[in-house]
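In the working numbering, the protein residues as written are 1034 to 1322.
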């Protein structure tokens, strides 16, 4: 099976997929987002010298930074390829939804899943009221971003307003979420279809638990409710392969914090001693066959 992977050849994830592909009879080809080319009226989509329709499947990884025009065109080109029958995991719509914290949380909430109280605004006159409505203890996040970067916890109204005045000039949207005490821990669930792998993460430096920020992790045996919650969250954003972050309070209440449609698996494969790349390729083969 010939699979295109939207990731540079020198990345760990591409190399890990190539390792796993040796026993899965898969031919992997690195595809560059920045070399996408769309043709009209024939609707051909290429990346450099690769015709995307020559692949049986296309695996989308994290998209590199670009202008608004570049990002929209990349999503459009992938959508065209998908409409012509190319199996994309994840779909362009799932990638577009999950990268937008506001849109993804709206869809998760509308699916009936628990999420922290959240307010999003872009005018400095609304910040103070939003801060008060969320209990005067909030986490401010970039609406686009991952791995815990750019998160800040604020419990002073004046500081919240001053922070927004600082970022307002950059044209940013303010995403405020009620701070929920998860005891310095959260759960990362890797969803592959309807199968799940999970680890518990603990913050070391501060309240953020992301491994990229120095957090520690240990294997977690999932119960049926946790599995259903994670799979439902991934499905709410349209993702088949996703990293779902879940917080759990001391009294057992669980909240969906975020869904990532281009998740990494290096740490979870080490913690659980499982071959995630192999499982992902096997899932793709089942879906295409």
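Quick reminder that beta carbons are idealized off the backbone N, C-alpha and C, glycines included.
Inter-stretch contact (C-beta, 8 Å, three-pair minimum) for the region 1263-1281 and the region 1115-1131: yes
Determine the burial state of residue 1283: buried for a count of at least 16 other Cβ atoms within 10 Å of its Cβ, exposed for fewer. exposed
Backbone CA spacing between residue 1217 and residue 1235 [nearest angstrom]: 6 Å
So, do the region 1100-1110 and the region 1248-1262 have three or more beta carbon pairs nearer to each other than 8 Å? no
Counting pairs of Cβ atoms below 8 Å between the region 1034-1051 and the region 1062-1069, do you hit three or more? yes
Using CA atoms only, rank isn't needed, just tell me which of 1287, 1285, 1271 and 1299 is closest to residue 1132. 1271
For residue 1232, which beta-bridge partners are listed by DSSP? 1221 and 1252
Does the region 1189-1200 come close enough to the region 1161-1181 to have 3 or more Cβ pairs within less than 8 Å? yes
Distance, residue 1114 Cα to residue 1150 Cα: 37 Å
Span separating the alpha-carbon of residue 1322 from that of residue 1059: 13 Å
Contacts around residue 1214, its chain only, beta-carbon distance under 8 Å, and the 5 residues preceding and following it disregarded: 1282 and 1283
Report buried or exposed for residue 1081, applying the criterion of at least 16 other Cβ atoms within 10 angstroms of its Cβ. exposed
What ranges does the beta strand (DSSP E) occupy inside the region 1037-1107, keeping only unbroken runs of at least 3 residues that lie completely in it? 1060-1063, 1069-1071, 1078-1080 and 1090-1093
Residue 1275 by DSSP, collapsed to three states: which one? strand
Relative to the C-alpha of residue 1226, which candidate in 1112, 1212, 1275 and 1248 has its C-alpha closest? 1275
Roughly how many whole angstroms lie between the Cα atoms of residue 1278 and residue 1219? 7 Å
Residue 1282 lies in the alpha helix (DSSP H); which residues open and close that run? Segment: none, residue 1282 is in no alpha helix (DSSP H) and carries neither H nor E.
Helix, strand or coil for residue 1173? Go by DSSP, reduced to three states. strand
How close, in whole Å, do the beta carbons of residue 1091 and residue 1037 come, if the pair is a contact with beta carbons under 8 Å? 5 Å
Can residue 1148 and residue 1209 be called in contact, C-beta distance under 8 Å? no
Rounded to the nearest angstrom, what separates residue 1123 and residue 1153 at their Cα positions? 26 Å
Run through the DSSP bridge pairs and tell me what residue 1208 is partnered with. 1153 and 1174
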